[in-house]
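J.: Residue numbers (full-length UniProt numbering), protein chains in the order written: chain A, 1 to 144; chain B, 1 to 169.
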Amino acid sequence: MAAAAAVYSLYIINKSGGLIFYKDYGSAGRMDTNDSLRLASLWHSMHAISQQLSPVPSCSGIELLQADTFDLHCFQSLTGTKFFVVCEPGTQHMEGLLKHIYELYTDFVLKNPFYEMEMPIRCELFDINLAQAVQKDRVALLGR
Amino acid sequence: MQFFGGSEISPSPPAPTAAGNNAHMLYVFNRNGVCLLYREWNRPLKTLSAQQDYKLMFGLLFSLKSLTAKMDPTSVEKGNLGVPQLPGQGCSFHSFRTNTYKLSFMESPSGIKIILVTHPRTGDLRESLKYIYNLYVEYVVKNPLYSPGNPIKCDLFNTTLDQYVRGLG
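#1: Go ahead and label B:ASN22 buried or exposed: buried means 16 or more other beta carbons lie within 10 angstroms of its beta carbon, across all protein chains shown.
#2: Examine chain B for any beta-carbon lying closer than 8 Å to the beta-carbon of A:ILE49, and answer yes or no.
#3: Quick one: Cα of A:LEU98 to Cα of B:TYR54, how far?
#4: Of all the options B:ASN99, B:MET71 and B:PHE62, which has the alpha carbon lying nearest to the alpha carbon of B:LEU86?
#5: Just list the beta strand (DSSP E) runs in the region 72-98 of chain A, keeping only unbroken ones of 3 residues or longer that don't cross its boundaries, in chain order.
#6: Going by DSSP, what residues sit across from B:GLU107 in a beta bridge?
#7: Measuring only between beta-carbons, confirm whether A:VAL56 sits less than 8 Å from chain B.
#8: Have a look at B:GLU77 and B:LYS70 and give me their C-alpha separation to the nearest angstrom.
#9: From which residue to which residue does the alpha helix (DSSP H) around B:ALA23 run?
#10: Among residues of its own chain, excluding the 5 on either side of A:LEU37, which ones have a beta-carbon nearer than 8 Å to its beta-carbon?
#11: Can you tell me whether DSSP reads B:VAL34 as helix, strand or coil?
#12: What is the DSSP secondary structure of B:VAL83, reduced to helix, strand or coil?
#13: If you draw a straight line from the C-alpha of A:LEU130 to the C-alpha of A:ASP24, how long is it?
#14: Would you report the Cα separation of A:THR69 and A:ASP137, rounded to the nearest angstrom?
#15: In its own chain, which residues sit with a C-beta less than 6 Å from the C-beta of B:PHE157, not counting the 5 before and 5 after it?
#16: Does any residue of chain A have a CB that is nearer than 8 Å to the CB of B:MET106?
#17: If I measure Cβ to Cβ from B:ILE152 and keep anything under 6 Å in the same chain, skipping five residues before and after, which residues do I get?
#18: Below 9 Å on C-beta distance, what does A:GLU63 contact in chain B?
#19: Do A:ILE12 and A:THR91 count as a contact pair if the criterion is CB distance below 8 Å?
#20: Can you name the residues of chain D whose CB is closer than 7 Å to the CB of B:VAL117?
#21: Spell out whether any CB of chain B is found under 8 Å from the CB atom of A:GLN92.
#22: Pull up the DSSP beta-bridge partners for A:SER7, would you.
#23: Quick one: which residues of the region 27-38 of chain A get their C-beta closer than 7 Å to a C-beta of chain B? List them in chain order.
#24: Return the Cβ separation of B:LEU103 and A:ILE49 in integer angstroms, given the expectation that the two are a contact with Cβ distance under 8 Å.
#25: Check whether chain B comes within 8 Å of A:THR69, counting only Cβ atoms and requiring the distance to be less than that.
#26: Using a Cβ-Cβ cut-off of 8 Å, state whether B:ASN42 counts as contacting chain A.
#27: For A:GLN52, return the contacting residues in chain B, with the cut-off set at a CB-CB distance below 7 Å.
#28: I'd like to know whether the C-beta of A:CYS59 is nearer than 8 Å to at least one C-beta of chain B.
#29: To the nearest angstrom, how far is it from the Cα of A:HIS73 to the Cα of B:LEU145?
#30: For a test of your reading of the model: does the CB of A:GLY96 fall under 7 Å from any non-hydrogen atom of the ligand NAP? Yes or no.
#31: Find the residues of chain A that neighbour B:VAL76, judging by a C-beta separation of less than 7 Å, and give them in chain order.
Put into structure tokens, the structure is as follows:
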């Protein structure tokens with residue numbers, strides 16, 4: 001596996017918690033389709049519960065989860081679509097990457113006339129541009 | 001899993017990470033999910049009854065732990081999602097952050113869970129949680145009148161805890 005895999009994987013879930021896009025960039029062990037679907041919907045509910053437990057009003061859910069071996073950055077769009085990346089602990093400027101991925105999603109998925117809302121994403125152009133974005137992120141990390 | 005060295009409280013508690021008192025609340029759970037202690041310092045928003053709140057909090061931590069154990073990108077053998085795991089087994093998490101609060105979490109080898117909810121811009125609180133755990137050991141576990149598994153009713157522990165958390169970032 002690539003030594004500079006700062007980003008381990010990317011998930012996109014729709015507003016009802018269904019996984020519509022999943023891409024792995026080199027995590028150890030196999031995650032089958034069922035597991036990724038379960039994890040995505042589990043994340044969706046944890047995100048919702050975290051809003052309920054907030055001690056102060058207007059909480060919008062988990063933005064960063066710091067686990068022992070990875071960080072999870074989550075970005076929720078205004079329409080409720082959630083984007084989250086699993087990356088190495090301490091990886092910086094993931095918010096920027098997530099915003100960029102959101103831009104790619106609006107450009108290449110939402111503007112695709114053949115794309116049905118809330119359905120799994122199968123758009124070649126999105127895949128290509130996403131690969132470039134994540135690659136660029138890795139190069140930026142290597143250049144530090 | 002290496003743990004906290006000697007049983008005496010470290011002479012100098014870890015330095016506060018920022019200025020001002022910004023702790024919201026603290027929970028202590030045992031491994032059965034019984035809430036042993038709940039302290040709150042600043043909680044303007046309450047949506048649930050106390051019991052429901054404890055249950056929701058424990059459920060959130062439990063599920064987040066199984067999520068992180070399954071998601072762990074560095075281990076090959078992870079088992080199925082939700083497979084029962086002993087404390088210290090599998091990949092756990094130490095904090096999460098939302099736009100309104102930060103939750104720091106620690107689990108001891110015996111399954112005692114300490115949860116501290118603070119301002120979102122608080123720094124790393126792992127050392128502080130270990131210190132609070134040491135306080136728990138000193139003032140609660142070593143208290144002969146305390147029987148394990150029951151809610152903590154120990155004034156000395158509460159005052160020391162209040163004092164420490166107030167001085168905390």
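Built from N, CA and C at the ideal position, the CB exists for glycine as well.
T.: Taking the definition as stated:
#1: The residue labelled residue 22 of chain B in the question sits at position 22 within the second sequence. Result: buried.
#2: Mapped onto the first sequence, residue 49 of chain A falls at position 49. For A:ILE49, the answer is yes, since a Cβ of chain B falls inside 8 Å of its Cβ.
#3: Residue numbering aside, residue 98 of chain A sits at position 98 when the first sequence is read from its first letter. Residue numbering aside, residue 54 of chain B sits at position 54 when the second sequence is read from its first letter. For A:LEU98 and B:TYR54, the distance between alpha carbons rounds to 33 Å.
#4: By 1-based counting over the second sequence, the position of residue 86 of chain B is 86. It is B:PHE62 whose Cα lies nearest to the Cα of B:LEU86.
#5: 82-87
#6: As a working note, residue 107 of chain B is residue 107 in the second sequence. BP columns for B:GLU107 point to B:LYS113.
#7: For the purposes of this step, residue 56 of chain A is taken as residue 56 along the first sequence, with counting starting at 1. Yes - at least one Cβ of chain B is within 8 Å of the one on A:VAL56.
#8: Counting from 1 along the second sequence, the entry for residue 77 of chain B is found at position 77. Counting from 1 along the second sequence, the entry for residue 70 of chain B is found at position 70. The straight-line gap from Cα to Cα measures roughly 9 Å.
#9: Here residue 23 of chain B is taken as the residue at index 23 of the second sequence, counted from 1. No alpha helix (DSSP H) contains B:ALA23, which is instead part of the beta strand (DSSP E) from 23-29.
#10: If you number the first sequence from 1, residue 37 of chain A lands on position 37. Contacts found: GLY18 and LEU19.
#11: In the second sequence, the residue the question calls residue 34 of chain B occupies position 34. Reduced to three states, the DSSP call for B:VAL34 is coil.
#12: Position 83 of the second sequence, counted from the start, is the residue given in the question as residue 83 of chain B. In the structure shown, B:VAL83 sits in coil (DSSP, three-state: anything other than H, G, I, E or B).
#13: Reading the first sequence from its first residue, position 130 is the one you call residue 130 of chain A. Reading the first sequence from its first residue, position 24 is the one you call residue 24 of chain A. Computed Cα separation, rounded: 12 Å.
#14: Residue numbering aside, residue 69 of chain A sits at position 69 when the first sequence is read from its first letter. Residue numbering aside, residue 137 of chain A sits at position 137 when the first sequence is read from its first letter. Straight-line Cα distance between these residues: approximately 20 Å.
#15: By 1-based counting over the second sequence, the position of residue 157 of chain B is 157. For B:PHE157, where only same-chain residues beyond five positions count, the Cβ hits under 6 Å are TYR139 and VAL140.
#16: Looking up residue 106 of chain B in the second sequence gives position 106. Chain A contact via Cβ: absent.
#17: For the purposes of this step, residue 152 of chain B is taken as the residue at position 152 of the second sequence. So the qualifying residues of the chain are LEU36, LEU37 and VAL140.
#18: The residue given as residue 63 of chain A occupies position 63 in the first sequence. What A:GLU63 touches in chain B: PHE96, ARG97, THR98, ASN99 and PRO120.
#19: Indexing the first sequence from 1 puts residue 91 of chain A at position 91. Indexing the first sequence from 1 puts residue 12 of chain A at position 12. In this structure, A:ILE12 does not lie closer than 8 Å to A:THR91 by Cβ.
#20: No chain D appears in this structure, whose protein chains are A and B.
#21: Indexing the first sequence from 1 puts residue 92 of chain A at position 92. Judged by the 8 Å Cβ criterion, A:GLN92 is not in contact with chain B.
#22: Here residue 7 of chain A refers to the residue found at position 7 of the first sequence. The displayed chain sequence assigns Val, not Ser, to residue 7 of chain A. Answer is A:CYS87.
#23: SER27, ALA28, GLY29, ASP35 and ARG38
#24: As a first step, residue 103 of chain B must be located in the second sequence, where it is residue number 103. As a first step, residue 49 of chain A must be located in the first sequence, where it is residue number 49. Not really, about 11 Å apart at Cβ, beyond 8 Å.
#25: Position 69 of the first sequence, counting from 1, holds the residue named residue 69 of chain A. A:THR69 counts as touching chain B.
#26: As a first step, residue 42 of chain B is located in the second sequence; it is residue number 42 there, counting from the start. By this cut-off, B:ASN42 is an interface position.
#27: For the purposes of this step, residue 52 of chain A is identified with residue 52 of the first sequence, where counting begins at 1. In chain order: THR47 and LEU56.
#28: For the purposes of this step, residue 59 of chain A is taken as residue 59 along the first sequence, with counting starting at 1. At least one chain B Cβ lies under 8 Å of A:CYS59.
#29: Numbered from its first residue, the first sequence carries residue 73 of chain A at position 73. Numbered from its first residue, the second sequence carries residue 145 of chain B at position 145. If you take the alpha carbons of A:HIS73 and B:LEU145, they lie about 45 Å apart.
#30: This structure does not include the ligand NAP; it has no bound ligands of any sort.
#31: In the second sequence, counting from the first residue as 1, residue 76 of chain B sits at position 76. ALA28 and GLY29, listed in chain order.
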